[in-house]
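Enquirer: Structure provided below as structure tokens; questions to follow.
Protein chains: 2
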Amino acid sequence: MRERPSIESLLELFADGKVSAAARLITILEDGGKDAERVLDSIFQRTGNAYRIGFTGPPGAGKSSLLNRVTAKFRAKDHRVGIIAIDPTSPFTGGAFLGDRIRMQAHSEDPDVFVRSLASRGSLGGISNCTDEVVDLMDAFGKDLVLIETVGVGQSELEISEKAHTVVVVLVPESGDGIQAMKAGLMEIGDIFVMNKADHEDAEGAAREIQDTLRLKDIPEGEWEPKVVLTSAREETGIDDLIDVIEEHRRHLDEGGRFANMRKKILRSRVRNALMDRMERRLRASDKVRELLEQRMESVYRGEMSPYMVVRELEELVSIQ
Amino acid sequence: MRERPSIESLLELFADGKVSAAARLITILEDGGKDAERVLDSIFQRTGNAYRIGFTGPPGAGKSSLLNRVTAKFRAKDHRVGIIAIDPTSPFTGGAFLGDRIRMQAHSEDPDVFVRSLASRGSLGGISNCTDEVVDLMDAFGKDLVLIETVGVGQSELEISEKAHTVVVVLVPESGDGIQAMKAGLMEIGDIFVMNKADHEDAEGAAREIQDTLRLKDIPEGEWEPKVVLTSAREETGIDDLIDVIEEHRRHLDEGGRFANMRKKILRSRVRNALMDRMERRLRASDKVRELLEQRMESVYRGEMSPYMVVRELEELVSIQ
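Top to bottom, those sequences are chains A and B.
Counting in our numbering, the first sequence runs from 17 upward without gaps.
Counting in our numbering, the second sequence runs from 17 upward without gaps.
Written out as structure tokens, the structure reads:
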């Protein structure tokens, strides 16, 4: 029987550029816990070089085909590309809708494209908990561009703007007030808006509409003005324009320390989130907290205590220096 | 100059059934902090009687008109109705899109209908932080039905199922793969699916499609099977059917202690969330935590420490009994 390779040996193989070791380390990151922390602690010093581009938008907007085209262009420019696709877990089967293999077949032979699908935390398309860690791993593995694809349902829209340096919102020309209003939610987070399926008869009108809405936005002097790009992943048009605008946004961030500030903000919020996760786990693990909670909840159910009265009592079991 | 009424006097007027006092107390709940807690502590013992129904769905699905019709029917059955409409904050103006007044004009003369709009936390349609508290206030004010309307963008879908006893998902017949896939996210949380705009030519087909998707769901023996109802708020058809199905779901919950269990689950998650909010505030308020964080973040920026190393150090400043 072959033994499972140790984390140490995986990390060594990873440092030597072995894809299979990287893939196994990602699985460890997905599983979380102490092993995941050990992996991250060990690789973190080699991170900080990858530029992160988020692609979000409603299901059916053609994000995956667009990513295929964009990846080909970035490869032609000699970028080493990591791709993380967050698959919404199917509410009925519990499994992911798509796998790596069918998703990026076009690049499956290219050793400089590393694709990984992660199942979303909830079925509503939220970003997987370990996305940051997997991005770090691809970064440490030498990818200088990491593309993160999320489905714009659920909380992912907000979260992607906490993880990516450039956020690309992918839309398709569609009618209906509902869709229009929904776009309003995405308006805030996009650095670049792609109107995909440019061969559609309504495409130019829809792009103009987005542009008009963006004009209402109050952008401080010198800050980035979101751009709208027409593409057709099927007809392969507009992809160069999109790459140009992504690079323009990247140059904009490089000016005046904007990029460094953004990177710091992202890292601070990661530490804060990880700390709160840990606090929650520790509170759950405390017998005293659990017993007091169980007891007091009975009073809450009977209407004798308000939820805040219980919180104030629980709080007293915690001391912070 | 008239003095601002004290919380005590507002609570007295509230107990006497004064609408203006209830409205001012809601504003206090919205502002949060110690005053909000005092209000909740004082009214909580009078809560527990209101049945909570959530209405969610994409913008433009006609939720507001449907709520108007539903409210009229519930009033005809002598229910006292509270309505909380979560308005997505406009990303550009920061204000709410709609106000109470234009929203429910039909019931503005009815003292037994209490309408309040709350601005959503984020612009992506999340539920306002104080929704639970405002529901409690309406409950304590004697409303026996509280309808909560949220826009199905952002995180609200998930959250509504943690706040409402019955979740009604309102949809309209529309084509497009994107819309279909998006519905998949809503499939999980709806107890009742309304296909609104039943006069639309595609309505019956769309309703059948939802029904077919729901059939794929693995529902344990004896559990609620989500129902699909065709309505037209404009034509006023199907509203009675909807009320019947809502009441059927309520009877289902009343059997075998399901309702009591659900209520307990909701209260437990409220206490847990409030406790975590408090922990976060206390961590932010600690000078030691802040200083250590600032210092260590510099090492993280330079890649010398991983985020988890910092978390493990910060954790040591916290002790839990």
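Cβ coordinates follow ideal geometry from the N, Cα and C atoms, glycine included.
Say whether the segment 71–84 of chain A touches the segment 179–187 of chain A, bearing in mind that this needs 3 or more beta-carbon pairs closer than 8 Å, one atom from each stretch.
Expert: The segment 71–84 of chain A, when compared against the segment 179–187 of chain A, does touch it at the 8 Å Cβ threshold.
Enquirer: Residue 56 of chain B and residue 40 of chain B: beta carbons closer than 7 Å?
Expert: No, the pair does not count as a contact, with Cβ atoms beyond the cut-off.
Enquirer: Using three-state DSSP, classify residue 248 of chain B as helix, strand or coil.
Expert: Note: residue 248 of chain B maps to strand in three-state DSSP.
Enquirer: Just the chain A side, please: which residues come within less than 7 Å of residue 60 of chain B by C-beta, in chain order?
Expert: Correct list: 319 and 322.
Enquirer: For chain A, find out if any of its Cβ atoms is closer than 7 Å to the Cβ of residue 57 of chain B; answer yes or no.
Expert: Closer than 7 Å: yes.
Enquirer: Please confirm whether residue 177 of chain A has its beta-carbon closer than 7 Å to some beta-carbon of chain B.
Expert: Judged by the 7 Å Cβ criterion, residue 177 of chain A is not in contact with chain B.
Enquirer: Which residue marks the beginning of the beta strand (DSSP E) containing residue 98 of chain B, and which one marks its end?
Expert: It spans 97–103 - the beta strand (DSSP E) in which residue 98 of chain B sits, taken as one unbroken run.
Enquirer: Are residue 96 of chain B and residue 128 of chain B close, meaning C-beta to C-beta below 7 Å?
Expert: In contact: residue 96 of chain B and residue 128 of chain B (Cβ atoms closer than 7 Å).
Enquirer: Is it true that the CB of residue 323 of chain B sits closer than 7 Å to the CB of residue 290 of chain A?
Expert: Yes. Within cutoff.
Enquirer: State buried or exposed for residue 307 of chain A, treating a residue as buried only when at least 16 other CB atoms are found within 10 Å of its CB.
Expert: Burial call: exposed.
Enquirer: Can you name, in chain order, every residue of its own chain whose Cβ lies under 6 Å from the Cβ of residue 313 of chain A, other than the five neighbours on each side?
Expert: Cβ neighbours of residue 313 of chain A beyond the five flanking positions: none.
Enquirer: Just the Cα atoms here: how many angstroms apart are residue 316 of chain A and residue 283 of chain B?
Expert: In a straight line, the C-alpha of residue 316 of chain A is about 8 Å away from that of residue 283 of chain B.
Enquirer: Whole angstroms is fine: what's the gap from residue 23 of chain B's alpha carbon to residue 59 of chain B's?
Expert: If you take the alpha carbons of residue 23 of chain B and residue 59 of chain B, they lie about 12 Å apart.
Enquirer: For a quick check, are the C-beta atoms of residue 242 of chain B and residue 207 of chain B less than 7 Å apart?
Expert: Going by C-beta atoms, residue 242 of chain B is nearer than 7 Å to residue 207 of chain B.
Enquirer: Can you find a CB in chain A that lies within less than 7 Å of the CB of residue 280 of chain B?
Expert: Judged by the 7 Å Cβ criterion, residue 280 of chain B is in contact with chain A.
Enquirer: Measure the CB-CB distance between residue 337 of chain B and residue 333 of chain A and report whether it falls below 7 Å.
Expert: Yes, the Cβ-Cβ distance between residue 337 of chain B and residue 333 of chain A is below 7 Å.
Enquirer: Can a CB atom of chain A be found closer than 7 Å to the CB of residue 295 of chain B?
Expert: Yes, residue 295 of chain B lies at the interface with chain A (some Cβ there is under 7 Å from its Cβ).
Enquirer: With residue 70 of chain B as the anchor, note down where its beta strand (DSSP E) starts and where it stops.
Expert: 67–72 is the span of the beta strand (DSSP E), which, as asked, contains residue 70 of chain B.
Enquirer: Would the beta-carbon of residue 210 of chain A fall within 7 Å of that of residue 247 of chain A?
Expert: Their beta carbons are under 7 Å apart, which means residue 210 of chain A touches residue 247 of chain A by this criterion.
Enquirer: Quick check: is the beta carbon of residue 396 of chain B nearer than 7 Å to any beta carbon in chain A?
Expert: Since the first and last residues shown for chain B are 17 and 337, residue 396 of chain B lies out of range.
Enquirer: DSSP on residue 335 of chain B, reduced to helix/strand/coil?
Expert: Reduced to three states, the DSSP call for residue 335 of chain B is strand.
Enquirer: Count the other C-beta atoms from every protein chain shown that fall within 10 angstroms of the C-beta of residue 133 of chain B, then say buried if there are 16 or more, exposed otherwise.
Expert: Residue 133 of chain B is buried by the Cβ-count criterion.
Enquirer: Given this structure, state the Cα-to-Cα distance separating residue 321 of chain B from residue 61 of chain A, to the nearest angstrom.
Expert: In a straight line, the C-alpha of residue 321 of chain B is about 7 Å away from that of residue 61 of chain A.
Enquirer: Using beta-carbon positions only, say whether residue 98 of chain B and residue 154 of chain B come within less than 7 Å of one another.
Expert: Closer than 7 Å, so yes.
Enquirer: Could you check which residue in B:150, B:295 and B:156 has the C-alpha nearest to that of residue 335 of chain B?
Expert: The candidate whose alpha carbon is nearest that of residue 335 of chain B is B:295.
Enquirer: Can you check whether the CB of residue 255 of chain B is closer than 7 Å to the CB of residue 68 of chain B?
Expert: In this structure, residue 255 of chain B does not lie closer than 7 Å to residue 68 of chain B by Cβ.
Enquirer: Counting along the chain, where does the alpha helix (DSSP H) carrying residue 165 of chain A start and finish?
Expert: Premise fails: residue 165 of chain A lies in the beta strand (DSSP E), 161–165, not in any alpha helix (DSSP H).
Enquirer: Under 7 Å, do residue 146 of chain A and residue 46 of chain A count as touching if we go by C-beta distance?
Expert: Yes, the Cβ-Cβ distance between residue 146 of chain A and residue 46 of chain A is below 7 Å.
Enquirer: Is DSSP giving residue 56 of chain A helix, strand or coil here?
Expert: DSSP places residue 56 of chain A in helix when its eight states are reduced to three.
Enquirer: Does DSSP put residue 147 of chain B in a helix, a strand or coil?
Expert: Three-state result, residue 147 of chain B: helix.
Enquirer: Only counting the same chain, and skipping five residues up and downstream in sequence, which positions put a Cβ closer than 8 Å to that of residue 274 of chain A?
Expert: Cβ neighbours of residue 274 of chain A beyond the five flanking positions: 268.
Enquirer: Would you identify the three-state DSSP class for residue 25 of chain B, choosing helix, strand or coil?
Expert: Helix, per DSSP.
Enquirer: Judging by CA-CA distance, which residue of A:49, A:76, A:203 and A:319 is the nearest neighbour of residue 227 of chain A?
Expert: Nearest of A:49, A:76, A:203 and A:319 to residue 227 of chain A, Cα basis: A:203.
Enquirer: Note down the Cα distance separating residue 220 of chain A from residue 244 of chain A, rounded to an integer number of angstroms.
Expert: Approximately 11 Å, taken between the alpha carbons.
Enquirer: Alpha carbon to alpha carbon, what distance is there between residue 264 of chain A and residue 165 of chain B?
Expert: Distance between the alpha carbons of residue 165 of chain B and residue 264 of chain A is about 41 Å.
Enquirer: Is DSSP giving residue 20 of chain A helix, strand or coil here?
Expert: The answer is coil: DSSP assigns residue 20 of chain A none of H, G, I, E or B.
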